[in-house]
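The structure appears below as structure tokens.
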Ligand code: AMP
Ligand code: MN
Ligand code: MN
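In my numbering, the protein residues as written are 9 to 329.
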């Protein structure tokens with residue numbers, strides 16, 4: 009693990025970004041609204057300053073997002089080009105940079121902007137406990153001679169709104185509302201963000217939710233609840249992994265559940281595990297499997313047969329529930 013990097017303030021990060029001509033921004037594997045919103049907002053801001061900026065992600069961004077937000081279509085899954093600075097956005101550890109993590113191993117100019125309070129794997133690290141990485145980008149952008157136009161405001165709102173669960177998770181604070189008020193003033197399309205991330209549900213998503221619910225299992229007197237979707241389910245409904253992102257909320261909504269687990273078999277015998285906790289650290293559970301995240305929202309990848317994966321999770325949760 010690289011832990012030699014130094015901490016920078018938003019002002020220092022802004023000065024660094026102002027001093028370079030080109031930057032590559034990396035968002036985490038399976039990117040969410042915060043990763044995408046942070047990267048696109050920063051990209052648009054830096055382009056206003058005449059910088060060359062490209063965004064990379066080691067897997068394609070879901071159609072739901074690319075269909076609705078034009079700028080996300082240029083996020084590339086193939087790395088190319090030479091850049092003065094590499095920036096990891098919303099990535100709590102180097103593994104989250106995915107395939108592109110290797111680029112970080114050389115003695116390059118690297119910067120992390122993140123809110124998972126994790127590793128300092130870059131040369132410069134701005135790592136906070138804010139509710140979203142978008143709040144970090146917002147602070148940086150305000151230190152630069154950049155106009156926060158409606159597009160930038162909308163992307164910043166994307167991360168703020170999604171990582172706070174539409175201002176409902178316990179990470180929502182005064183700063184979140186003040187930032188939202190400012191973005192509202194800046195012309196953020198809040199209605200669109202709400203519709204795309206919290207309301208619009210395709211027929212496929214609705215059918216997948218039904219299938220996942222039909223697979224509900226409970227453990228420890230209902231304190232742990234679990235749903236899953238197999239490769240066969242995904243194939244039957246012709247769904248990509250982005251289609252299943254919201255389902256875990258339905259698991260943790262079960263009133264007795266302190267731990268909600270959603271398994272998606274995105275490759276044969278390889279599961280994306282999403283966990284949510286109520287007064288229970290799911291991050292600790294996910295760390296046992298090489299993942300991470302936040303105290304009450306975390307994830308990991310586990311390989312194996314479905315029943316073995318379920319048993320492993322049940323056992324690790326059992327240590328502390
Ligand atoms: P998700 O369940 O995919 O919405 O992720 C919830 C939280 O866990 C987010 O903050 C992610 O950054 C983090 N997370 C998800 N998957 C992983 C993983 N494989 N490794 C580390 N952190 C993860
Ligand atoms: Mn994220
Ligand atoms: Mn985030």
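Ideal Cβ placement from N, Cα and C applies to all residues, glycine included.
In chain order, what are the residues with a CB under 6 Å from some non-hydrogen atom of ligand 3? 42, 98, 123, 140, 141, 171
Ligand 2 and residue 36: does the residue's C-beta get closer than 7 Å to at least one heavy atom of that ligand? Here the question's residue 36 lines up with position 28 in the chain shown. Yes.
Run through the DSSP bridge pairs and tell me what residue 116 is partnered with. For the purposes of this step, residue 116 is taken as residue 108 along the chain shown, with counting starting at 1. Note: residue 116 sits in no beta bridge, so no partner.
Presumed contact (8 Å Cβ cut-off) between residue 201 and residue 264, rounded CB distance: Numbered from 1 along the chain shown, position 193 holds the residue referred to as residue 201. Numbered from 1 along the chain shown, position 256 holds the residue referred to as residue 264. In fact, because the Cβ distance is near 32 Å, the residues do not count as touching under 8 Å.
Inter-residue Cα distance where the pair is residue 349 and residue 139: The first residue shown for the chain is 9 and the last is 329, placing residue 349 beyond what the model contains.
Excluding five sequence neighbours on each side, which residues of the same chain lie with their C-beta closer than 6 Å to the C-beta of residue 10? For the purposes of this step, residue 10 is taken as the residue at position 2 of the chain shown. Confidence at residue 10 is low in this model, with a pLDDT of 48, below 50, so the placement of that residue is unreliable and no value is reported for it.
Would you mind working out which of 96, 40, 50 sits nearest residue 69, comparing C-alpha positions? As a position in the chain shown, residue 69 is number 61, starting the count at 1. Cα-wise, what sits closest to residue 69 is 40.
Just to confirm, is the Cβ distance from residue 122 to residue 28 under 8 Å? What you label residue 122 is simply residue 114 of the chain shown in a count that begins at 1. What you label residue 28 is simply residue 20 of the chain shown in a count that begins at 1. No Cβ-Cβ contact shorter than 8 Å links residue 122 with residue 28.
On a Cα-Cα basis, can you pick out the residue from 160, 272, 197, 21 that is closest to residue 243? The residue given as residue 243 occupies position 235 in the chain shown. Checking every option, the nearest Cα to that of residue 243 belongs to 272.
Buried versus exposed call for residue 14 [16 or more other C-beta atoms within 10 Å across all chains shown]: In the chain shown, residue 14 corresponds to position 6, counting from 1. Residue 14 comes out exposed.
For residue 48 versus residue 74, is the C-beta spacing smaller than 8 Å? Taking the first residue of the chain shown as position 1, residue 48 is located at position 40. Taking the first residue of the chain shown as position 1, residue 74 is located at position 66. The answer is no: Cβ separation not under 8 Å.
Less than 8 Å between the CB atoms is what I'm expecting for residue 266 and residue 286, so what's the real figure, rounded? In the chain shown, the residue the question calls residue 266 occupies position 258. In the chain shown, the residue the question calls residue 286 occupies position 278. About 5 Å separates the two Cβ atoms, so the contact holds.
Beta bridge counterpart(s) of residue 14 as assigned by DSSP: The residue given as residue 14 occupies position 6 in the chain shown. Looking at the DSSP assignment, residue 14 forms a beta bridge with 132.
Quick one: give me the first and last residue of the alpha helix (DSSP H) that residue 226 is part of. Within the chain shown, the letter at position 218 stands for residue 226. Note, residue 226: premise wrong, no alpha helix (DSSP H); beta strand (DSSP E) at 225-227.
So is residue 131 buried or exposed if we call it buried at 16+ other beta carbons inside 10 Å? Along the chain shown, read from residue 1 onward, the residue named residue 131 stands at position 123. Buried.
Buried or exposed: which applies to residue 313, given that a residue is buried once 16 or more other Cβ atoms fall within 10 Å of its Cβ? In the chain shown, residue 313 corresponds to position 305, counting from 1. The residue in question, residue 313, is exposed, as its Cβ has fewer than 16 Cβ neighbours within 10 Å.
Quick one: does the C-beta of residue 292 sit closer than 7 Å to a heavy atom of ligand 1? Position 284 of the chain shown, counted from the start, is the residue given in the question as residue 292. No; taking the cut-off as 7 Å, the Cβ of residue 292 has no heavy atom of ligand 1 nearer than that.
Would you be able to state if there are at least three C-beta pairs under 8 Å between the region 219-234 and the region 244-263? By the Cβ criterion, the region 244-263 is in contact with the region 219-234, since at least three pairs of Cβ atoms, one from each stretch, lie closer than 8 Å.
Looking only at C-alpha atoms, which of 38, 278, 97, 111 sits nearest to residue 88? As a working mapping, residue 88 is identified with position 80 in the chain shown. The residue with the shortest Cα to Cα distance from residue 88 is 111.
beta-carbon residue 101 near ligand 2 non-hydrogen atom, thresh 7 Å: Here residue 101 refers to the residue found at position 93 of the chain shown. No, Cβ of residue 101 sits at least 7 Å from all heavy atoms of ligand 2.
Check residue 76 in the structure and name its three-state DSSP category. Locating residue 76 in the chain shown gives position 68, counting from the first residue. In the structure shown, residue 76 sits in a helix (DSSP, three-state: H, G or I).
With a threshold of 7 Å, establish whether the CB of residue 302 neighbours any heavy atom of ligand 1. Taking the first residue of the chain shown as 1, we reach residue 302 at position 294. Correct: residue 302 has its Cβ closer than 7 Å to ligand 1.
Range of the contiguous alpha helix (DSSP H) that encloses residue 217: For the purposes of this step, residue 217 is taken as the residue at position 209 of the chain shown. For residue 217, the uninterrupted alpha helix (DSSP H) run begins and ends at 211-222, by DSSP.
Whole angstroms are fine: how far does the CA of residue 317 sit from the CA of residue 311? Taking the chain shown and counting its residues from 1, the one referred to as residue 311 is at position 303. Taking the chain shown and counting its residues from 1, the one referred to as residue 317 is at position 309. Approximately 7 Å between the Cα atoms of the pair.
On a Cα-Cα basis, can you pick out the residue from 86, 172, 178 that is closest to residue 206? Counted from its first residue, the chain shown places residue 206 at position 198. Considering only alpha carbons, the answer is 172.
May I ask you to report which of helix, strand or coil DSSP gives residue 9? As a working note, residue 9 is residue 1 in the chain shown. In this prediction, residue 9 has a pLDDT of 46, which is less than 50 and means its spatial position is unreliable; nothing more can be read from the coordinates.
Quick test of your reading: residue 37 and residue 126, contact by CB under 8 Å. State the CB separation rounded to the nearest angstrom. As a first step, residue 37 is located in the chain shown; it is residue number 29 there, counting from the start. As a first step, residue 126 is located in the chain shown; it is residue number 118 there, counting from the start. Rounded to the nearest angstrom, the Cβ distance from residue 37 to residue 126 is 15 Å, too far for a contact under 8 Å.
Helix, strand or coil: how does DSSP classify residue 5 here? Because the chain here runs from 9 to 329, residue 5 falls outside it and cannot be looked at.
Based on the DSSP secondary-structure assignment, which residues constitute the bridge partners of residue 284? As a first step, residue 284 must be located in the chain shown, where it is residue number 276. Paired residues: 268, 305.
Do you know how far the Cα of residue 55 is from the Cα of residue 301? Sequence index remark: in the chain shown, residue 301 carries index 293 (1-based). Sequence index remark: in the chain shown, residue 55 carries index 47 (1-based). So the alpha carbons of these two residues sit roughly 30 Å apart.
Have a look at residue 309 and residue 293 and give me their C-alpha separation to the nearest angstrom. To locate residue 309, count along the chain shown from 1; it is residue 301. To locate residue 293, count along the chain shown from 1; it is residue 285. If I take the Cα positions, the gap works out to 12 Å.
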